[in-house]
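Below is one structure, written out as structure tokens, with a few remarks after it.
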Amino acid sequence: MEKVLKMEESIYEWVNRYPEVIDIMVELGFCDIVKPGMLQTAGRFMTLSKGIKLKKMDIDTVKLTFQHYGFKVLE
């Protein structure tokens, strides 16, 4: 079964459904997600699209990384 993530869902929602998302996010450079309390605060309103813009990342690279781990990212 394919794991689907929507770009406009919060990171908090993703992690509640798929805890392994944390490791993928750290691998991509979103290291703040593991700071104590960060997921419960900023993670509730932060989306992947906001994070990509904030970190000036390439969206295709991010999508490919998630695909590598069996996720499909929908815009």
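Those letters in the sequence shown? Residues 3 to 77, by this note's numbering. We put the CB at the ideal spot given by N, CA and C, even for glycine. Quick caveat: nothing in here was measured; it's all calculated off a predicted structure.
Check                                                                                                     : Outcome
Closest to L41 by CA distance: which of P21, F73, K5 is it?                                               : P21
CA-CA distance, V6 and I13?                                                                               : 13 Å
For S51, which option in M3, E4, K8 has the closest C-alpha, if you only look at C-alpha atoms?           : K8
Should M3 go down as buried or exposed, given a rule of 16 or more other Cβ atoms within 10 Å for buried? : exposed
So is V28 buried or exposed if we call it buried at 16+ other beta carbons inside 10 Å?                   : exposed
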